[in-house]
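Worksheet: one structure, shown below.
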Amino acid sequence: MTPSPDSVALVARGVGKTYGRTTALGGVSLEVGHGELVGLLGPNGAGKSTLTKIACGLVRPTSGTVEVGGRPAGTRTARGMIGYLAELFRFPRWMTADEVLVLHQRLAGSGGAASERAELLALVGLFAAASTRVEAMSKGMQQRLGIAQALVGGPRLLLLDEPTSALDPAGRGIVRELMGELRTRGTSVLLNSHLLSEVERVCDRVAILNEGRVVTEGRPADLSRPRGVEIEVDGGTRLYEGATREDVPRIVAELVASGERVYGARVLASTLEETYLEAVGGATG
Amino acid sequence: MTGAGAALVIVGYALRESLRRRVFLVVLVLTVGFLALYGLGTYFAFRDVESFVPPDKNILDPKAFTGATVFGLAMFAVLFLGSVVAIFLTLGVVRGDAEAGLLQPIVVRPIGRRTIVLARLAGAAVVSAAYALVVYGLALAITAAVGGWTPDHVVGPALGLALAVVTVAAISLFASVFMSATAQGIAVFMVFGTGLTAGLLSQIGRALDSGSLHTIGRVATWLLPFDGLYQAGLHALISSTGGLTGVALQLGPFGGAEGAGPLLVLWAIAYTALVAGGAALAFSRRDL
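In structure tokens:
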């Protein structure tokens, strides 16, 4: 799905960024539609965080443009529309979870007051930890607090840079549920992650970056190509390369007609991980 | 949110953070220790000069001589401790906080980067200037209570010291944009030492009647005006003291110095604004 221009939450056109002789981004173009969840995948150093930082105004691009809700990224208006969770972040150790959110409500100009804070803390499973100081929180709790902080003020575009890197499976489950909630609210999300399975499960679209360029882009289902059908018969397993789900009844009927006993059939498709590895050429950063 | 509203939020955040820094507690303990020792020293100083009977009190007043000398020492301590507070309150507030990941969640909010920098300076300036004024006032009260001496001018030197520590805070904030916390602390303390040395050079040049040395010292003092403000404060302590007492104090280590007039105050304010503006400009162009 390619978003129409009037429904674009984030648009990057030919964005480049160099640090001295090092090219972090070499002309990336990407769009995130309103209410769309887009996953950004790529090995370390691919430029995912740099692109996210440019979108929220922390880094200035060397070339190209980025717009948030039609406004140049980094401007005060654009920053008023986003929520951001950095890959590496910290909150003051002496603040409680509630105080962190109060600070960000004030800075974001949010009128949500206590009810918004309670809702956000509940959303990330920290309702009971509202008065817990940051210094007493685990890394996972801090990361969930970071997500709550990013949601203060109801941003139209959420930029999440590795939001599940410090989370246990239960915490990842909370984030997955949160993504579903954001989808129903119509919030756009750009999600940077190394966790392909997470991205595959929650994102509408995926862009794979390698060496500062988008090398593959599309819906997770479209990126998973059919690899054939596997049929289990008396003599073992037979692979029908190129066959699709629609071919299964015909293949089974032919086998049965020829006297074979069929025990099972499985449609094979390349996983997002295989597509990813193919796209990045096995790069691990 | 308006720029002023955002600035107030950041100032409040900076003030709360300032008061929670362990160094602030250390400085408070040191200050109590300093004031106790100062009180003791002042008591013995005044007691010992009581036995000295000058031939003519209009020529040499032992009480004024003692009071101005010990209070000059107290002013140096206020400048030093106030500068320590100013430097530590601005330590790592830009690059250090950015490297720690504390700054990014704040910077992406719809407030200007310049607002953040200037508000951080305001927070540090309020705390360090208030600290300088309070310690100055306590030292003054101790001197008056123990020795029965008060300086010729009270308010001017106090405000000069407060402005001096604000100037140091601005220099330190500027350094925090470019340096990591440790490098910033070392660099700013070296700058502080350079300023004090320049002030001493200027005094030595004046005492030796060395025009060149005096000029070098004065130029350096104007480049780093916190020492000039301190020197002007010292001068104001005894500006109305005449006779041999005045002359002797001019030569003493903590009395005398030279006044600089209102131009120095205006320059120090402009200097602080320029340095803070430079920090804000540099931060606004920095990738985080």
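These protein sequence lines map, in sequence, to chains A and B.
Mapped onto the working numbering, the consecutive letters of the first sequence carry residue numbers 1264 to 1548.
Mapped onto the working numbering, the consecutive letters of the second sequence carry residue numbers 457 to 744.
Every residue, glycine too, gets a C-beta built ideally from N, C-alpha and C.
Closer than 8 Å at the beta carbon, the chain A residues around residue i
| i | result |
| --- | --- |
| Leu558/B | Phe1352, Arg1353, Phe1354 and Pro1355 |
| Val479/B | In chain order: nothing, as chain A lies at least about 14 Å away. |
| Val465/B | Leu1366, Arg1369 and Leu1370 |
| Leu744/B | Lys1316, Leu1321 and Val1322 |
For residue i: DSSP bridge partner residues
| i | result |
| --- | --- |
| Tyr592/B | The partner list for Tyr592/B (beta bridge, DSSP) is empty, contrary to what the question assumes. |
| Glu1480/A | Ala1470/A |
| Pro1335/A | Glu1330/A |
| Gly1296/A | Val1271/A |
| Arg1508/A | Arg1508/A pairs with nothing; no bridge assigned. |
| Gly1289/A | Gly1279/A |
| Thr1359/A | Arg1396/A |
| Asn1455/A | Leu1303/A and Asp1424/A |
| Ile660/B | Its beta-bridge partners do not exist; DSSP assigns none. |
| Tyr1503/A | Val1492/A |
Backbone CA spacing between residue i and residue j [nearest angstrom]
| i | j | result |
| --- | --- | --- |
| Pro1432/A | Ala736/B | 43 Å |
| Glu1425/A | Glu1480/A | 19 Å |
| Val549/B | Tyr1282/A | 24 Å |
| Leu685/B | Val582/B | 18 Å |
| Glu1463/A | Leu558/B | 31 Å |
| Met1400/A | Leu1351/A | 16 Å |
| Leu464/B | Glu1537/A | 52 Å |
| Ala631/B | Thr1313/A | 26 Å |
| Ala1392/A | Thr498/B | 53 Å |
| Ala556/B | Val1511/A | 56 Å |
| Ala462/B | Pro561/B | 14 Å |
| His691/B | Gly552/B | 39 Å |
| Leu1430/A | Val1331/A | 29 Å |
| Gly661/B | Pro681/B | 18 Å |
| Leu1293/A | Leu1364/A | 31 Å |
| Ala1280/A | Val1322/A | Per the sequence shown, residue 1280/A should be read as Lys rather than Ala. Using only the alpha carbons, I get a separation of about 9 Å. |
| Gly616/B | Thr1325/A | 45 Å |
| Trp605/B | Thr525/B | 11 Å |
| Ala601/B | Gly593/B | 12 Å |
| Val1496/A | Arg1490/A | 19 Å |
| Ala580/B | Arg476/B | 13 Å |
| Leu693/B | Pro607/B | 5 Å |
| Thr522/B | Ser539/B | 26 Å |
| Ala578/B | Ala726/B | 15 Å |
| Glu1299/A | Thr1500/A | 41 Å |
| Leu1389/A | Leu744/B | 29 Å |
| Asn1455/A | Phe648/B | 45 Å |
Coil, strand or helix - residue i by DSSP
| i | result |
| --- | --- |
| Ser507/B | coil |
| Ile1437/A | helix |
| Ser1487/A | coil |
| Arg1529/A | strand |
| Glu555/B | helix |
| Ala1542/A | helix |
| Arg472/B | helix |
| Thr677/B | helix |
| Leu1348/A | strand |
| Asp683/B | helix |
| Arg742/B | coil |
| Thr1315/A | helix |
| Thr606/B | coil |
| Ser1460/A | helix |
| Val549/B | coil |
Chain-ordered chain B contacts of residue i [CB-CB under 8 Å]
| i | result |
| --- | --- |
| Arg1339/A | Pro566, Ile567 and Gly568 |
| Ala1349/A | Gly557, Gln560 and Pro561 |
Neighbouring residues, chain A, relative to residue i (Cβ below 9 Å)
| i | result |
| --- | --- |
| Leu484/B | Near Leu484/B there are no residues of chain A at all, since even the closest Cβ is about 17 Å away, more than 9 Å. |
Proximal chain B residues relative to residue i, where beta-carbon distance stays under 7 Å
| i | result |
| --- | --- |
| Asp1343/A | In the sequence as displayed, the identity of residue 1343/A is Gly instead of Asp. Pro566, listed in chain order. |
Neighbouring residues, chain A, relative to residue i (Cβ below 7 Å)
| i | result |
| --- | --- |
| Ile562/B | Leu1370 |
| Arg476/B | Trp1357 |
| Ala580/B | Under the 7 Å cutoff, chain A gives no residues; its nearest Cβ is about 16 Å from Ala580/B. |
| Glu473/B | Pro1355 |
| Tyr469/B | Leu1366 |
Residues that residue i contacts on chain C, provided the C-beta gap is smaller than 9 Å
| i | result |
| --- | --- |
| Ala462/B | Here the protein chains are A and B, and chain C is not one of them. |
beta-carbon residue i near the ligand MN non-hydrogen atom, thresh 7 Å
| i | result |
| --- | --- |
| Glu1398/A | Within the structure as shown, the ligand MN is missing, as the structure has no ligands at all. |
Checklist entry - the region 1311-1329 of chain A: which residues have C-beta closer than 8 Å to a C-beta of chain B, in chain order? => result Lys1316, Cys1319, Gly1320, Leu1321, Val1322 and Arg1323
Checklist entry - Relative to chain B, which residues along the region 1364-1383 of chain A have a C-beta separation below 8 Å, given in chain order? => result Leu1366, His1367, Arg1369, Leu1370, Ala1371 and Gly1372
Next on the checklist: At a CB distance below 9 Å, what residues from the region 1396-1409 of chain A approach chain B? Give them in sequence order.
Outcome noted: Here the close residues are Gly1409.
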